[in-house]
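Q:
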Amino acid sequence: MNLQTYFDQYGTAGVKVMAERIGSSMAYLQHCKYGNRRMSADMAIRLEQASGGVLTARELRPDLPWPGVPAPTSTPL
Numbered sequence: 126m127n128l129q130t131y132f133d134q135y136g137t138a139g140v141k142v143m144a145e146r147i148g149s150s151m152a153y154l155q156h157c158k159y160g161n162r163r164m165s166a167d168m169a170i171r172l173e174q175a176s177g178g179v180l181t182a183r184e185l186r187p188d189l190p191w192p193g194v195p196a197p198t199s200t201p202l
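Numbering follows this note's numbering, in which position 5 of the sequence shown is assigned residue number 130; successive positions increment by one, without gaps.
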């Protein structure tokens, strides 16, 4: 699930609660939600933990090489 879909389910109040839970600001999460900012790897991990795995760090930052999970290949087999 992407960040925008996740937060659209909960509205502004949900974004505020999540920001407090992960030690971030609402503004930062809103910027990430709309693609105006790239989320840090650390924040992606915090969101995965706080969402109970509904959001995953790999989905939030697919451009990063996550340990234990092979990076997607750019050429189809």
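Even glycine gets a Cβ: it sits at the ideal position worked out from N, Cα and C.
#1: In three-state DSSP terms, what is residue 159?
#2: With a threshold of 6 Å on Cβ separation, who are the neighbours of residue 129 within its own chain once the five nearest residues in sequence on each side are excluded?
#3: Could you round the C-beta distance between residue 131 and residue 180 to whole angstroms and report it? I think they count as a contact, below 8 Å.
#4: How long is the line joining the alpha carbons of residue 155 and residue 167, rounded to whole angstroms?
A: Looking at the coordinates:
#1: Taking the first residue of the sequence shown as position 1, residue 159 is located at position 34. Three-state DSSP puts residue 159 in coil, outside helix and strand.
#2: To locate residue 129, count along the sequence shown from 1; it is residue 4. Contacts found: 158.
#3: Taking the sequence shown and counting its residues from 1, the one referred to as residue 131 is at position 6. Taking the sequence shown and counting its residues from 1, the one referred to as residue 180 is at position 55. Residue 131 to residue 180, Cβ: 6 Å. Contact.
#4: The count along the sequence shown starts at 1 and reaches residue 155 at position 30. The count along the sequence shown starts at 1 and reaches residue 167 at position 42. Each residue's Cα considered, the two are about 17 Å apart.
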